[in-house]
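Peer 1:
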Amino acid sequence: MLDLQFIRENADTVRNAIINKATGSPTLVDKVLELDELWRKTTTELQEVQTAANAEAKKIGEWMKLGLKDQAQAAIAESGRLKVALKDLEDSQRIAAESLENTLLEIPNVPHPSVPLGKLPSDNVVAFEHGPFPAFTFAPLPHWELLERHDLVDFDRGSKVSGAGFPFYKGAGARFQRALINFFLDQAVENGYVEMGAPLVVNEDSARGTGQLPDKEDLMYEAVRDGLYLIPTAEVPVTNYHRDEILLESDLPIKYCAYTPCFRREAGSYGKDVRGLNRLHQFDKIELVHFVRPEDSYQALEELRAHAEGLLQKLGLPYRRLLMCTGDMGFTQSKKYDLEVWSAGQERWLEVSSISNFETFQARRMKIRYRSKTDAKPQIIHTLNGSGLALPRIVAALLENNQKSDGSIAIPEALRSYFGSDTLISA
RNA sequence: GGAGGGGUGGGUGAGUGGCUGAAACCACAGGUUUGCUAAACCUGCGUACCUUUUAUAGGGUACCGAGGGUUCGAAUCCCUCCUCCUCCGCCA
């Protein structure tokens with residue numbers, strides 16, 4: 002959510018943001034300005050009547066005490082009239098406030114000036130590529146064939162038990178996941194993150210806080226009876242951890258890491274994109290979250306990116322970094338990088354991390370502020386997050402890139418102590 | 001799931017219908033004093049919003065877990081919900 006005053010003073014900037022992000026109509030800005038004016042007018046009127054009513058009530062109290070019954074009775078009658086007016090004004094004000102709020106929620110974050118303009122994925126800028134790319138003397142297999150050969154993941158029984166996109170990891174496959182989780186968490190802690198174990202379901206306020214609601218409810222599984230949502234990422238519970246809080250400047254930056262399963266409905270996908278581990282309804286991810294002072298957030302974005310890239314480098318995975326264009330970056334972000342690993346068996350890039358600065362967009366919804374020495378009032382903080390990393394596609398890339406002609410799969414140096422072996426073989 | 005008791009400002013904690021946006025203490029910030037540290041004393045210190053011929057300023061409104069109600073007037077009374085604690089039940 003953007004600051005109302007910012008929209009008042011920078012209406013064109015916001016209109017451009019809507020156009021560039023291709024998320025709605027720029028007339029939303031005019032709607033906000035109109036509703037804002039209405040709301041302020043109504044608020045002022047309401048407060049004037051409240052002032053009168055308060056004064057009246059106070060007089061009544063004093064007269065009663067002095068025994069001036071007649072005067073008190075007259076004032077009570079006057080109070081009754083004010084009360085009726087008050088009721089109407091309260092209703093108008095509430096309606097105006099709700100419309101304003103709902104319209105504000107439809108306005109996307111403003112992209113940072115360094116974000117390239119564009120509408121399509123092809124407009125994203127490949128900012129960096131990191132090898133080495135694996136060389137093969139044979140045709141490398143896609144990971145789903147390797148998984149089947151070594152009996153590491155059971156998709157069919159997952160489908161039977163839960164549905165497509167809910168695989169069982171089995172034997173060495175399950176252990177491999179666990180090794181990755183521990184490796185990622187340990188790296189994050191080494192980089193100064195505090196490890197969190199987070200709830201896997203959140204309430205509606207939390208889903209709204211990070212921007213899943215409104216509009217993206219179709220992405221989340223919902224426990225309707227209890228009004229809870231299964232988390233699509235640990236970002237949701239971990240960022241909401243500080244919702245409605247005023248933090249101390251001396252506590253910043255705050256950095257958390259959390260491993261959680263993630264649940265995504267992702268309706269409407271099919272074909273090669275969802276083959277094997279490429280896209281699942283449930284997957285494991287380690288998420289990194291920062292709470293920082295506004296002046297530090299772009300430095301924090303680069304730090305976060307470096308932490309995620311460091312993991313890929315330690316795993317020896319070839320990857321590239323994309324700077325997402327305005328049209329492909331999402332509603333809530335002001336700047337976003339994607340990291341994609343090269344998948345030799347499929348000969349394609351797979352997104353394994355998304356690293357974003359939200360500036361105040363999430364924090365304003367969540368009312369996360371901090372008290373600084375220089376400002377009299379609490380300031381809205383900046384939030385950022387990034388995957389470090391999402392597991393399934395990492396598993397896919399590791400299997401495909403490290404497969405040998407004899408069908409075995411080499412485990413990267415960095416993972417060996419976690420996995421307990423240098424080769425991944427049949428369970 | 002059953003019974004009972006709580007939720008007040010950064011913290012502890014007073015406050016059972018008007019004198020309470022809220023005592024007191026702690027913490028924090030500024031100042032005075034003392035040779036440093038410490039202590040003592042003084043002052044300040046919630047948030048959001050509206051508004052004022054734009055202000056490190058004034059005026060106003062709302063907020064004492066959330067929402068509704070009673071009343072001229074609610075932190076205070078009533079209802080619903082959330083949450084915490086104690087006991088019982090169930091349970092990994």
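Here the working numbering runs 1 ahead of the position in the first sequence, where the first position is 1.
We put the CB at the ideal spot given by N, CA and C, even for glycine.
Which parts of the segment 273 to 358 are runs of the alpha helix (DSSP H), unbroken and 4 residues or longer, counting only runs that do not cross its ends?
Peer 2: 298 to 315
Peer 1: How far does the alpha helix (DSSP H) with Lys-88 in it reach, from first residue to last?
Peer 2: Counting along the chain, the alpha helix (DSSP H) containing Lys-88 begins and ends at 70 to 105.
Peer 1: Please identify the residue among Val-111, Ser-355, Lys-405, Leu-323 whose C-alpha is closest to the C-alpha of Asn-21.
Peer 2: Val-111
Peer 1: Tell me whether Phe-167 sits in a helix, a strand or coil according to DSSP, three-state version.
Peer 2: coil
Peer 1: In chain order, what residues of the same chain lie with their CB nearer than 7 angstroms to the CB of Gly-228, ignoring the 5 residues before and after it?
Peer 2: Asn-204, Glu-205.
Peer 1: Just mark Ala-428 as buried or exposed, buried being the case when its beta carbon has 16 or more other beta carbons within 10 Å.
Peer 2: Any reading at Ala-428 must be qualified, since the residue scores a pLDDT of 43, below 50, and its modelled position is unreliable; no value is offered.
Peer 1: Phe-292 to Leu-253, Cα distance in whole Å?
Peer 2: 7 angstroms
Peer 1: On the DSSP bridge assignment, give the partners of Asp-197 in chain order.
Peer 2: One point to set straight first is that residue 197 is Met, not Asp, in the sequence displayed. Beta-bridge pairing links Met-197 to Ala-259.
Peer 1: When we look at the beta-carbon of Asn-358 and count the other beta-carbons within 10 Å, is it buried (16 or more) or exposed?
Peer 2: buried
Peer 1: Among the candidates Ile-426, Ala-18, Met-221, Gly-166, whose CA atom is the shortest distance from the CA of Arg-280?
Peer 2: If we check each option's Cα against that of Arg-280, Gly-166 comes out closest.
Peer 1: Looking only at its own chain, which residues have a Cβ that is under 6 angstroms from the Cβ of Phe-137, when we skip the five neighbours before and after it?
Peer 2: none
Peer 1: Along the chain, where does the alpha helix (DSSP H) that runs through Ala-23 open and close?
Peer 2: Premise fails: Ala-23 is in no alpha helix (DSSP H) and is neither H nor E.
Peer 1: Does the Cβ-Cβ distance between Leu-312 and Gly-421 come in under 9 angstroms?
Peer 2: no
Peer 1: Going by beta-carbon coordinates alone, are Gly-346 and His-151 separated by less than 9 angstroms?
Peer 2: no
Peer 1: Report buried or exposed for Pro-215, applying the criterion of at least 16 other Cβ atoms within 10 angstroms of its Cβ.
Peer 2: exposed
Peer 1: Taking the alpha helix (DSSP H) that Glu-46 falls in, what are its first and last residues?
Peer 2: 28 to 67
Peer 1: So if DSSP puts Thr-361 in a beta bridge, which residue, or which two residues, is it bridged to?
Peer 2: Looking at the DSSP assignment, Thr-361 forms no beta bridge with any residue, so it has no partner.
Peer 1: Just mark Pro-133 as buried or exposed, buried being the case when its beta carbon has 16 or more other beta carbons within 10 Å.
Peer 2: exposed
Peer 1: With 16 as the cutoff for other CB atoms within 10 Å, does Ser-355 come out buried or exposed?
Peer 2: With 16 or more other Cβ atoms within 10 Å, it is buried.
Peer 1: Tell me the rounded alpha-carbon separation between Asn-402 and Asn-103.
Peer 2: Distance between the alpha carbons of Asn-402 and Asn-103: 48 angstroms.
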